[in-house]
Structure formats: C-alpha cells, structure tokens
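Undergrad: In this note's numbering, the protein residues as written are 1068 to 1343. Here a beta-carbon is modelled for each residue, glycine too, at the ideal position from N, C-alpha and C. Every value quoted in this text rests on a predicted model; they were computed, and no experiment measured them. Take a look at this one; I'll ask things after.
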C-alpha cells in the first residue's frame, strides 16, 4: 500500500463516531442515522415506528431490514395525488393499507386507470432508471398508510446491493404485466365485468368491503361516462352484488361479484402478497 494516502475528510468523519463504545445492538443503526442525517435527509424518527413484522412491496425480510432505516412513514388521504403526469417523481411509495391508482388522460378529456397498487408492490419504481417525467398520474384510491423513500437514496442503495436490484427488476416486471393485462381488459371486456374485477382488486389490497367512491370517480377509472356507471351500479344492486349510498359503495356478495368479474381477475391475484 506504499504511496497510498488516506482521505483526511473521511478519516475526520469516521472519527466522530467511536464504534468501539457503541453497544452491538445499536451500533449499525447509530452509524446509519448519523451518516444520513449528515447528508441532509429528513429525520428518521418516524421510521422507527415501522414494525418488524410488516410486509410491503413484496420485499423479503432481509431486504426490508436493509431499507427500513431509509423509509419514512406517511398517512395518505383519499384522492391525494402522489404525482401527476409530466411531474418529476421524487419518491417511491410502498403502500401498507393505502391503495394507489395510476391514470392516463384520454384525448376527449376522460381518464382511465392503467394500474392499481397495494402492499404487494411499489409506486414510481420506473423513475429509478429514468430522468423523464411521470407518464401517469398516481392518486390515492383508498386512504391509508404507506412508506416512502427518496429516489436518490434508493439509487445509492442499489449500487451496493444486487439482491435489491433483482427485487426492483422483479417489481418492474410485475408492473408491466399489470399494464399489459389492463390493456387487454379495457379493450376486450364489458364495462360491468371490468367494474366487478376492479372492486375485487380493491378488496384484496385493502381488505375492506366498503369504499368511498363516487360514480364520477368510477367513470374516470373505467374510462366511460357517468350515466353508464349509474345504469351498471343499479343493475348490480338489483342482483344484490353491491349496494351504494351517498358516495359509499358496499360489496354485499363477494361470491357473486367474483362470478361476474372478467377473466383478468384470475391473472391478477397472483401479484398480491398477503403480508398483513
């Protein structure tokens, strides 16, 4: 190692933490916290509420433990936008109890949903490899909790972790599969079938049977006009499949709803990780 000169800046930084004096069970956490606070990240105190048993994003326990100190806990409210079309995506979101919808705008001003994500995956992962603005709008469909991480922070972690890279590639493939299935569904299946499938997907991801959904919002999800939703909802209520009142929709018979859904639903449940 002759001729090698230690970086005095690095030596000075590491000298600020006396590793030998730290208890073994706290040593790594203290080093991580000190390092990230020095580069100007937000306080990590909120992250410490993350239970050890939690499962998000399809992350295996080993990887979850690795990124846990970098996650920030957030409460997401219904109809809140995480980002809109052409925005710069700054965070990746890992829903816990929240459910996120992604939309595309049609030429006539209508919208249509292209993806829906719960605790089985993450929202915004394509931005890790791209500097281009968001191609979709991401909006909270079912309010609840989530965890977020800055894109730049995750990129740094990917540099040192091949397993994390593989996980992110797997999640991107899952996302592409759902987009592809949505194209098939929106093109070839009846509106009523698509609506039943969508309600089942919300149920599977939120574990709820009651949702705050207006007919206008449902029309935006399905890419149809509101009168079509009114007729469809009335028909489903007459069959005792759903009920609705004042912006609330209830699944009253999941078995019937399953029978009336389209074939896409049988393709999508395999994407869901029942971690809760």
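Determine the direct distance from the alpha carbon of residue 1302 to that of residue 1186, and round the result to whole angstroms.
TA: Translated into positions along the chain shown, residue 1186 becomes position 119. Translated into positions along the chain shown, residue 1302 becomes position 235. Whole-angstrom Cα-Cα distance: 32 Å.
Undergrad: With a cut-off of 8 Å on the beta carbons, I'd call residue 1275 and residue 1190 a contact; round off their distance for me.
TA: Taking the first residue of the chain shown as position 1, residue 1275 is located at position 208. Taking the first residue of the chain shown as position 1, residue 1190 is located at position 123. About 19 Å separates the two Cβ atoms, so there is no contact after all.
Undergrad: Between which two residues does the alpha helix (DSSP H) holding residue 1302 run?
TA: Taking the chain shown and counting its residues from 1, the one referred to as residue 1302 is at position 235. That run of the alpha helix (DSSP H) goes 1293-1305.
Undergrad: Can you tell me the Cα-Cα spacing of residue 1319 and residue 1230, whole angstroms?
TA: Counting from 1 along the chain shown, the entry for residue 1319 is found at position 252. Counting from 1 along the chain shown, the entry for residue 1230 is found at position 163. Between residue 1319 and residue 1230, the C-alpha separation is close to 42 Å.
Undergrad: Can you check which of these residues, 1175, 1167, 1260 and 1201, is closest to residue 1323 by C-alpha distance?
TA: Looking up residue 1323 in the chain shown gives position 256. Among 1175, 1167, 1260 and 1201, the Cα nearest to that of residue 1323 is on 1260.
Undergrad: Where residue 1225 and residue 1232 are concerned, what is the direct C-alpha to C-alpha distance, given to the nearest angstrom?
TA: As a position in the chain shown, residue 1225 is number 158, starting the count at 1. As a position in the chain shown, residue 1232 is number 165, starting the count at 1. Distance between the alpha carbons of residue 1225 and residue 1232 is about 6 Å.
Undergrad: Could you have a look at residue 1324 and say whether DSSP puts it in helix, strand or coil?
TA: For the purposes of this step, residue 1324 is taken as residue 257 along the chain shown, with counting starting at 1. Looking at residue 1324 - three-state DSSP - the assignment turns out to be helix.
Undergrad: Assign residue 1110 to buried or exposed, taking buried as 16 or more other Cβ atoms, counted over all protein chains shown, within 10 Å of its Cβ.
TA: What you label residue 1110 is simply residue 43 of the chain shown in a count that begins at 1. Here the model assigns residue 1110 a pLDDT of 42, short of 50, so the residue's position is not dependable, and the following value carries that caveat. Residue 1110 comes out exposed.
Undergrad: Three or more C-beta pairs closer than 8 Å, one from the region 1138-1149 and one from the region 1205-1220: is that the case here?
TA: The region 1138-1149 is in contact with the region 1205-1220.
Undergrad: Measure the alpha-carbon distance for residue 1130 versus residue 1273 and round it to whole angstroms.
TA: One-based indexing of the chain shown puts residue 1130 at position 63. One-based indexing of the chain shown puts residue 1273 at position 206. Distance between the alpha carbons of residue 1130 and residue 1273 is about 23 Å.
Undergrad: Expressed to the nearest angstrom, what Euclidean distance is found between the alpha-carbon atoms of residue 1292 and residue 1282?
TA: Residue mapping note: residue 1292 aligns to position 225 of the chain shown, counting from 1. Residue mapping note: residue 1282 aligns to position 215 of the chain shown, counting from 1. So the two alpha carbons sit approximately 9 Å from each other.
Undergrad: For residue 1156 and residue 1213, which I take to be in contact (beta-carbon distance under 8 Å), what is that distance rounded to the nearest angstrom?
TA: Indexing the chain shown from 1 puts residue 1156 at position 89. Indexing the chain shown from 1 puts residue 1213 at position 146. Not a contact, Cβ separation roughly 15 Å.
Undergrad: When you compare the CB positions of residue 1160 and residue 1149, do they come within less than 8 Å of one another, or not?
TA: Position 93 of the chain shown, counted from the first residue, corresponds to residue 1160. Position 82 of the chain shown, counted from the first residue, corresponds to residue 1149. Yes.
Undergrad: Buried or exposed for residue 1328, going by 16 or more other Cβ atoms inside 10 Å?
TA: In the chain shown, the residue the question calls residue 1328 occupies position 261. Residue 1328 comes out buried.
Undergrad: Where do the N-terminal and C-terminal ends of the alpha helix (DSSP H) with residue 1152 fall, by residue?
TA: Taking the first residue of the chain shown as position 1, residue 1152 is located at position 85. Element bounds for residue 1152: n/a, residue is neither H nor E.
Undergrad: Pick out whichever of 1227, 1325, 1258 and 1153 has its Cα sitting closest to the Cα of residue 1205.
TA: In the chain shown, residue 1205 corresponds to position 138, counting from 1. The residue with the shortest Cα to Cα distance from residue 1205 is 1153.
Undergrad: CB residue 1126 to CB residue 1216, shorter than 8 Å?
TA: Reading the chain shown from its first residue, position 59 is the one you call residue 1126. Reading the chain shown from its first residue, position 149 is the one you call residue 1216. It is not a contact, given that the beta carbons lie outside the stated cut-off.
Undergrad: Go ahead and label residue 1245 buried or exposed: buried means 16 or more other beta carbons lie within 10 angstroms of its beta carbon, across all protein chains shown.
TA: Counting from 1 along the chain shown, the entry for residue 1245 is found at position 178. Buried: at least 16 other Cβ atoms inside 10 Å.
Undergrad: For residue 1184, report the span of its beta strand (DSSP E) as first-last.
TA: Numbered from 1 along the chain shown, position 117 holds the residue referred to as residue 1184. Element bounds for residue 1184: 1178-1184.
Undergrad: Please classify residue 1158 as buried or exposed, where buried requires at least 16 neighbouring CB atoms within 10 angstroms.
TA: As a working mapping, residue 1158 is identified with position 91 in the chain shown. Residue 1158 comes out buried.
Undergrad: If we require 4 or more residues per run, which alpha helix (DSSP H) segments fall completely within the region 1189-1252?
TA: You should have 1218-1227.
Undergrad: Could you name the residues of the same chain whose beta carbon sits closer than 7 Å to that of residue 1182, not counting the 5 residues immediately before and after it, in chain order?
TA: Position 115 of the chain shown, counted from the first residue, corresponds to residue 1182. Only 1169, 1242, 1245, 1246 and 1249 meet the Cβ criterion.
Undergrad: Have a look at residue 1333 and residue 1325 and give me their C-alpha separation to the nearest angstrom.
TA: Within the chain shown, numbered from 1, the residue matching residue 1333 stands at position 266. Within the chain shown, numbered from 1, the residue matching residue 1325 stands at position 258. One C-alpha to the other measures close to 10 Å.
Undergrad: Using a Cβ-Cβ cut-off of 6 Å (strictly less than) and excluding sequence neighbours within five positions of residue 1263, which residues of its own chain qualify?
TA: Here residue 1263 is taken as the residue at index 196 of the chain shown, counted from 1. Here the set comprises 1324, 1327 and 1328.
Undergrad: With which residues is residue 1140 paired in a DSSP beta bridge?
TA: Position 73 of the chain shown holds residue 1140. Answer by DSSP bridge pairing, in chain order: 1214.
Undergrad: Whose C-beta lies closer than 6 Å to the C-beta of residue 1177 among residues of the same chain, with five residues either side of it excluded?
TA: As a working mapping, residue 1177 is identified with position 110 in the chain shown. Only 1290 meet the Cβ criterion.
Undergrad: Does the distance from the CB of residue 1258 to the CB of residue 1228 come in under 8 Å?
TA: The residue you call residue 1258 lines up with position 191 of the chain shown. The residue you call residue 1228 lines up with position 161 of the chain shown. Result no, Cβ atoms of residue 1258 and residue 1228 do not sit closer than 8 Å.
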